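Letter by letter, the sequence shown follows residues 0 to 336 in numbering that gives the first Met the number 0. Notes follow once the structure below has been shown.
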Amino acid sequence: MTLKLGVIGCGAIGREHIRRCSKVLQGAEVIAVSDINAQGARDVVNSLGLNAEIYADGMDVINAPQVDAILVTSWDPTHEAFTLAAVAAGKYVFCEKPLAMSAEGCRRIVDAEMTQGKRLVQVGFMRPYDSGYQALKKVIDRGDIGELLMLHCAHRNQSVAENYTTDMAITNTLIHELDVLRWLTDDDYKTVQVVYPRTTTKSHSGLKDPQIVLFETQKGIRIDVEIFVNCSYGYDIQCEVVGEDGIARLPEPSSIQLRKEARLANTILTDWKDRFIDAYDVELQAFINDVKADRLTGPSAWDGFAASVAADACLRAQQSAAIEPVSMPPRPSFYGN
Ligand code: NAI
Ligand code: ISE
């Protein structure tokens, strides 16, 4: 059976996910789309030659009886309402990060899902599907570098739009690290502090950029994450894990090495779409396969909640300049151990 998908949000990642579900992946077709920018929705349907109905309201996509499962790829603040509606309709939903704008919002989704009695939500945290992060995790889990002591990480975007604000560095960007670093270290955050170096002249007014976020985990691992969203030179994700027996680094994306004019050069990617292109394919193929098997295994609503608990503490730390506690409640047995 072909899984019939409805997609809410036809912007940058919406178009990418619609393309991959329609042209690259197996077992699904996009039969319904919606965007508050109706022209954007029409453009994606026409450019891909899809036979998909265009709805004015995302809620109508969710409630359309012919739609089996939902992808939420609209702006961050809309995620909670669409995901709650999909869960209430008993439909599987893949929701892009962040799951909601606060831990409280994520908790409402967790509670709604538990009331339904089965996992219905997968969050679009794609890094655990990236081959580089998987290799790094394998090295850590095998004990090759011994007990973990420190992680040094960076999330750099070439530039961001004028509407990107200082708090979005946490809720929209760092949220990827908040998820993947919990997964890598198999640990939860205990405290967080945010410090600001001088701001780059390439930032727009009102955006403090870069920022450094400093964590201590429950096991006492220290993590520093640089978020630098106007770094100019490229899209660059770094992660170095320091253990007591050695150091492991996230591999660089492969690129041709060029020797020319007395220089040795590698290309640095500039766009998140290219950096994680394979990981997005794998995560959505896993979602499609899992929905067809009637059980989800990817990043859960609880993972979305855990990342948002840490994000809330980071937001407090941005304001207070103090070391803020991160209080993570115990995981319900519903979400496994
Ligand atoms: P975008 O601004 O390019 O696209 C968002 C689209 O959502 C726009 O076309 C907008 O008109 C539409 N929209 C907003 N509210 C809506 C509503 N109520 N109903 C229907 N459509 C609505 O943004 P982009 O970059 O595509 O991001 C979309 C979401 O995906 C964000 O939540 C973002 O955090 C997430 N994202 C995730 C990435 C990842 O690496 N996993 C990468 C980029 C974005
Ligand atoms: C964007 O929404 C993403 O999710 C990208 O992966 C991230 O690098 C970027 O900072 C966000 O704005």
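All residues carry an ideal CB built from backbone N, CA and C; glycine is no exception. Given the structure is predicted, the values throughout are model-derived calculations rather than measurements.
Beta carbon of Gly39 nearer than 8 angstroms to that of Gly10 | Yes; because the gap between Cβ atoms is below 8 angstroms, this pair is in contact.
Minimum length 3: unbroken beta strand (DSSP E) runs contained in the stretch 102-165 = The qualifying runs are 120-122, 147-155.
Where does Met125 land, buried or exposed, given buried means 16+ other C-beta within 10 angstroms?
-> Burial call: buried.
Between which two residues does the beta strand (DSSP E) carrying Gly5 extend?
-> Unbroken beta strand (DSSP E) run through Gly5: 2-7.
Going by the CB atoms, is the gap between Tyr188 and Ala309 shorter than 8 angstroms?
-> Taking 8 angstroms as the cut-off, the beta carbon of Ala309 is found closer than this to the beta carbon of Tyr188.
Out of Ala316, Ala305, Val281, Tyr334, state which residue places its alpha-carbon closest to the alpha-carbon of Gln25.
-> Of Ala316, Ala305, Val281, Tyr334, the residue nearest in Cα terms is Val281.
Does the stretch 104-121 touch the stretch 199-216, meaning 3 or more C-beta pairs lie closer than 8 angstroms?
-> Counting Cβ pairs under 8 angstroms, fewer than three are found: no touch.
Can you tell me whether Lys201 is buried or exposed, with buried defined as 16 or more other CB within 10 angstroms of its CB?
-> Here Lys201 is exposed. Its C-beta has fewer than 16 other C-beta atoms within 10 Å.
Is any heavy atom in the ligand NAI found nearer than 7 angstroms to the beta carbon of Ser101?
-> Because no heavy atom of the ligand NAI lies under 7 angstroms away, the Cβ of Ser101 does not count as near it: no.
In whole angstroms, what separates the C-alpha of Gly205 from that of Phe304?
-> If you take the alpha carbons of Gly205 and Phe304, they lie about 28 angstroms apart.
Sorry if obvious, but does the Cβ on Leu96 come closer than 7 angstroms to a heavy atom of the ligand ISE?
-> Note on residue identity: the sequence assigns Lys, not Leu, to residue 96. Indeed, a heavy atom of the ligand ISE lies less than 7 angstroms from the Cβ.
By how many angstroms is the C-alpha of Val193 removed from the C-alpha of Ser423?
-> Residue coverage of the chain in this structure runs from 0 to 336, which leaves residue 423 outside it and unanswerable.
In the structure shown, what three-state DSSP assignment does Asp223 receive?
-> For Asp223, the secondary structure class from DSSP, reduced to helix, strand or coil, is strand.
CB-CB under 7 angstroms to Glu176, same chain, minus the five flanking residues each way: which ones, in chain order?
-> Excluding positions up to five away in sequence, the list reads Cys152, His154, Val224.
Quick one: using the 10 Å Cβ neighbour count with 16 as the cut-off for buried, is Asn50 buried or exposed?
-> Classified as exposed, Asn50 has fewer than 16 neighbouring CB atoms from the shown chains inside 10 Å of its CB.
Write down every uninterrupted run of the beta strand (DSSP E) in the stretch 5-80 whose length is 3 residues or greater and which is fully enclosed by it, in chain order.
-> Listed in chain order, they are 27-33, 52-54, 68-71.
Return the Cβ separation of Glu79 and Arg107 in integer angstroms, given the expectation that the two are a contact with Cβ distance under 8 angstroms.
-> 7 angstroms between Cβ atoms; contact.
When every heavy atom of the ligand ISE is checked, does at least one fall within less than 7 angstroms of the C-beta of Trp271?
-> True, at least one ligand heavy atom lies under 7 angstroms from that Cβ.
Is there contact here, the stretch 261-277 with the stretch 67-81, by at least three beta-carbon pairs under 8 angstroms?
-> The stretch 261-277 is not in contact with the stretch 67-81.
CA-CA distance, Lys291 and Leu2?
-> Answer to the nearest angstrom: the Cα atoms are 7 angstroms apart.
Tyr91: first and last residue of the uninterrupted beta strand (DSSP E) it sits in | Segment 91-94, the beta strand (DSSP E) holding Tyr91.
Would you be able to state if there are at least three C-beta pairs under 8 angstroms between the stretch 93-108 and the stretch 136-153?
-> The stretch 136-153 is not in contact with the stretch 93-108.
Candidates Val60, Ser130, Val23: closest to Asp34 by CA position = Of all alpha-carbon atoms in Val60, Ser130, Val23, the one lying nearest the alpha-carbon of Asp34 is that of Val60.
Indicate, with yes or no, if the ligand ISE has a heavy atom lying under 7 angstroms from the CB of His151.
-> No, since every heavy atom of the ligand ISE falls outside the 7 angstroms radius drawn around the Cβ of His151.
What are the boundary residues of the beta strand (DSSP E) that Ile246 is part of?
-> Per DSSP, the unbroken beta strand (DSSP E) holding Ile246 starts and ends at 246-248.
Enumerate, from N- to C-terminal direction, the unbroken alpha helix (DSSP H) stretches of 4 or more residues contained entirely within the stretch 268-303.
-> Every alpha helix (DSSP H) of 4 residues or more that sits fully in the stretch 268-303 is shown, in chain order, as 271-274, 276-291.
Can the beta-carbon of Val43 be found less than 8 angstroms from the beta-carbon of Val32?
-> Val43 is a Cβ neighbour of Val32, given a cutoff of 8 angstroms.
What first and last residue would you give for the beta strand (DSSP E) that runs through Glu239?
-> Per DSSP, the unbroken beta strand (DSSP E) holding Glu239 starts and ends at 235-242.
Going along the chain, which residues of its own chain have a beta-carbon closer than 6 angstroms to the beta-carbon of Arg248, five neighbours each way excluded?
-> Cβ neighbours of Arg248 within its own chain (closer than 6 angstroms, five residues either side excluded): Glu239.
Thr82 in three-state terms, based on DSSP = Here Thr82 sits in helix by DSSP.
Is it right to say Ile246 is buried, meaning 16 or more other beta carbons lie within 10 angstroms of its own, or is it exposed?
-> Exposed is the call here.
Would you report the Cα separation of Arg221 and Phe333, rounded to the nearest angstrom?
-> Distance between Arg221 and Phe333, taken at the CA atoms: about 30 angstroms.
What's the call for Gln121, buried or exposed, on a 16-neighbour Cβ count within 10 Å?
-> Classification of Gln121: buried, given that the 10 Å Cβ count is 16 or more.
Beta-bridge partners of Gln217, as assigned by DSSP = According to DSSP, which records beta bridges pairwise, Gln217 is partnered with nothing at all.
Give the secondary structure of Gln338 by DSSP, where H, G and I count as helix, E and B as strand, and everything else as coil.
-> In the structure as shown, the chain starts at 0 and stops at 336, and residue 338 therefore has no counterpart that could be examined.
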